[in-house]
């Protein structure tokens, strides 16, 4: 038992972002550790935001690089008052109306004292706090933060795709 605890601690110490988990829209658990060895693009989203068109870019990025290992994770948040009022509405909008196939969490705070632990880690360890919807954090397969971009940087932009390609297994 001690050996297992030491192994888990060593993994998490070397891979900080991989220690976090989220709750999926369907209520299941999303463990970032399950994606060890694969890059993960984590994006705080909102269904009623002017940047919502970036969902299409996220889907295109996932379709292009997902088969090679990229994971895309949308984290709907109402921190900027632009999210639908329930997880069921988010699921309908994202899955049915928009046709998104990548991972999506339940509505999750990304700023302030109620922020999800992943976003507190970004703020405390890397000084990155989403200042609007559709901020993007690229996590490497080892759990290290590889890049952070604001809402104006599209998921399919050269700066992001270059980092994604470099991080693929």
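Residue numbers (our numbering): 16 to 184. Yeah, the Cβ is synthetic: ideal placement off N, Cα and C, and Gly gets one too. Bear in mind the structure is a predicted one, so any value in this text is a computation, not a measurement.
- Message: Here's a check: name, in chain order, each residue in its chain whose Cβ is nearer than 7 Å to the Cβ of residue 166, leaving out the five neighbours to either side.
- Response: Here the set comprises 66, 147, 148, 149 and 150.
- Task: Out of 116, 112, 126 and 86, state which residue places its alpha-carbon closest to the alpha-carbon of residue 96.
- Result: Of the listed residues, the one whose Cα sits closest to residue 96 is 126.
- For residue 169, collect the residues of the same chain with a Cβ closer than 8 Å to its Cβ; drop the 5 residues on either side in sequence, then sort them by chain order. Closer than 8 Å at the Cβ level, and outside the excluded window around residue 169, lie 69, 72 and 175.
- Query: Is the beta carbon of residue 120 sitting closer than 8 Å to the one on residue 88?
  - Reply: Taking 8 Å as the Cβ cut-off, residue 120 and residue 88 qualify as a contacting pair.
- Message: Pull the bridge partners of residue 46 from the DSSP assignment, please.
- Response: Looking at the DSSP assignment, residue 46 forms a beta bridge with 36.
- Item | Residue interval of the alpha helix (DSSP H) (run including residue 117) | Note, residue 117: premise wrong, no alpha helix (DSSP H); not H, not E.
- Quick one: what's got a C-beta closer than 6 Å to residue 53's C-beta in the same chain, skipping five residues either side? Only residues of its own chain outside the window of five on either side were considered, and among them 84, 86 and 156 have a CB closer than 6 Å to the CB of residue 53, listed in chain order.
- Does the distance from the C-beta atom of residue 90 to that of residue 111 stay below 8 Å? No, these two residues do not count as a Cβ contact at 8 Å.
- Using CA coordinates, which residue listed in 162, 164, 179 and 158 is at the minimum distance from residue 49? The shortest Cα separation from residue 49 among 162, 164, 179 and 158 belongs to 158.
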